[in-house]
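This report refers to the structure that appears directly beneath it.
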Amino acid sequence: MKIIMLGAPGAGKGTQAKMIADKYSIPHISTGDIFRANIKNGTELGKKAKEYMDQGLLVPDELTVDLVIDRVAQEDCKNGYVLDGFPRTIPQAESLDAALEKRGEKVDYAINVEVPDENIINRMSGRRACVACGATYHIVHIPTKTEGICDRCGSELILRDDDKPETVTKRLNVYHEQTQPLIDYYNGKNVLVEVDGTRDMKDVFGDIVKILGA
Numbered sequence: 664m665k666i667i668m669l670g671a672p673g674a675g676k677g678t679q680a681k682m683i684a685d686k687y688s689i690p691h692i693s694t695g696d697i698f699r700a701n702i703k704n705g706t707e708l709g710k711k712a713k714e715y716m717d718q719g720l721l722v723p724d725e726l727t728v729d730l731v732i733d734r735v736a737q738e739d740c741k742n743g744y745v746l747d748g749f750p751r752t753i754p755q756a757e758s759l760d761a762a763l764e765k766r767g768e769k770v771d772y773a774i775n776v777e778v779p780d781e782n783i784i785n786r787m788s789g790r791r792a793c794v795a796c797g798a799t800y801h802i803v804h805i806p807t808k809t810e811g812i813c814d815r816c817g818s819e820l821i822l823r824d825d826d827k828p829e830t831v832t833k834r835l836n837v838y839h840e841q842t843q844p845l846i847d848y849y850n851g852k853n854v855l856v857e858v859d860g861t862r863d864m865k866d867v868f869g870d871i872v873k874i875l876g877a
């Protein structure tokens with residue numbers, strides 16, 4: 664079962680990817696993890712990726728696909744995997760498909776966790792983080808006992824720059840421009856499935872399990 668997770672920043676696709684990986688005993692793979700592992704292990708691909716990252720540049724699509732294919736060729740992926748955060752663009756998707764085809768494989772499901780922008784902005788701008796211990800809360804969903812104070816260590820909570828409405832809006836605009844076309848791409852391949860990400864996390868997961876089969 665080879666699965667790709669799609670969804671805007673803050674849609675909850677990472678959480679769902681981890682839950683899928685746990686239930687079906689398949690690896691949850693993010694490109695960030697792949698980069699870090701290869702750099703740490705000093706592989707040839709890792710060295711090449713590090714050259715770009717050290718200069719603050721994006722790792723080119725071709726190299727990223729090579730790293731992903733190298734990862735999914737490992738023994739723990741023989742029963743499938745969940746790709747989270749990749750592909751992000753049509754060229755990456757096409758390169759991934761071509762590389763998988765050479766191995767006689769293909770993507771089985773592209774799961775799009777659908778959440779309107781307005782919900783995401785409200786969801787993320789309600790997050791609060793502790794400046795001292797890093798604990799995270801939400802003013803609606805996970806409120807603290809005392810407003811603005813961490814339950815765990817008593818320090819002040821802040822709204823991180825990443826979660827400010829204007830920052831979230833910018834990230835969503837980039838997502839719609841770059842990644843939204845992937846939804847049409849995978850729809851054309853008849854592997855796209857959509858779930859309503861505005862519902863409770865467990866309900867969303869329940870919908871995914873129905874699609875994938877228990």
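So the sequence shown is numbered by our numbering: it starts at 664 and just counts up by one. Quick reminder that beta carbons are idealized off the backbone N, C-alpha and C, glycines included.
Residue i versus residue j - alpha carbon distance
{"i": "E829", "j": "I783", "result": "12 angstroms"}
{"i": "G869", "j": "D863", "result": "10 angstroms"}
{"i": "M787", "j": "D760", "result": "33 angstroms"}
{"i": "Q755", "j": "G748", "result": "11 angstroms"}
{"i": "D669", "j": "P844", "result": "Checking the sequence, you will find Leu at residue 669 rather than Asp. The alpha-carbon atoms of L669 and P844 are separated by roughly 11 angstroms."}
{"i": "P723", "j": "L746", "result": "18 angstroms"}
{"i": "V856", "j": "I871", "result": "9 angstroms"}
Residue from the options whose Cα sits closest to the Cα of residue i
{"i": "I667", "options": "G673, I692 and D685", "result": "I692"}
{"i": "D824", "options": "V837, A712, I732 and V794", "result": "V794"}
{"i": "M664", "options": "Q737, G670 and Y744", "result": "Y744"}
{"i": "A684", "options": "Q718, F698 and C740", "result": "C740"}
{"i": "I774", "options": "G695, Y848 and F698", "result": "Y848"}
{"i": "G695", "options": "E707, L721, Q679 and A736", "result": "L721"}
{"i": "Y838", "options": "G789, D866, G851 and D780", "result": "D780"}
{"i": "L730", "options": "V803, I846, F698 and V858", "result": "F698"}
{"i": "K865", "options": "T678, S758 and A671", "result": "T678"}
{"i": "G789", "options": "E764, R766, Y772 and D826", "result": "D826"}
{"i": "A671", "options": "S758, V831, Y715 and K808", "result": "V831"}
Three-way DSSP call (helix, strand, coil) for residue i in this model
{"i": "N855", "result": "Asn is not the amino acid found at residue 855; the sequence shown has Leu there. The answer is strand: DSSP assigns L855 an E or B state."}
{"i": "L726", "result": "helix"}
{"i": "K665", "result": "strand"}
{"i": "L845", "result": "helix"}
{"i": "I821", "result": "strand"}
{"i": "I683", "result": "helix"}
{"i": "I692", "result": "strand"}
{"i": "P672", "result": "coil"}
{"i": "R815", "result": "coil"}
{"i": "G860", "result": "coil"}
{"i": "K873", "result": "helix"}
{"i": "K827", "result": "coil"}
Beta-carbon contacts of residue i that lie in its chain and below 6 angstroms, excluding the five residues immediately before and after
{"i": "V778", "result": "A674, G860 and T861"}
{"i": "V770", "result": "K665, I667 and V854"}
{"i": "T842", "result": "R751"}
7 angstroms CB neighbourhood of residue i in its chain, flanking five on each side removed
{"i": "A792", "result": "T799, L820, I821 and R823"}
{"i": "G811", "result": "E819 and L820"}
{"i": "D733", "result": "L708"}
{"i": "K711", "result": "L726"}
Cut-off 8 angstroms between Cβ atoms - residues of its own chain near residue i, not counting five sequence neighbours on either side
{"i": "C816", "result": "C793, A795, C796 and A798"}
{"i": "S688", "result": "N742"}
What runs of the alpha helix (DSSP H), each 4 residues or longer, lie entirely inside the segment 739 to 811?
Taking 4 residues as the minimum length, the alpha helix (DSSP H) runs contained wholly in the segment 739 to 811 are 753 to 765 and 780 to 788, in order along the chain.
Could you name each continuous alpha helix (DSSP H) segment of 4 residues or more that falls completely within the segment 697 to 725, going from the start of the chain to the end?
Annotation: the segment 697 to 725 contains the following complete segments of the alpha helix (DSSP H) (minimum length 4 residues), in chain order: 707 to 717.
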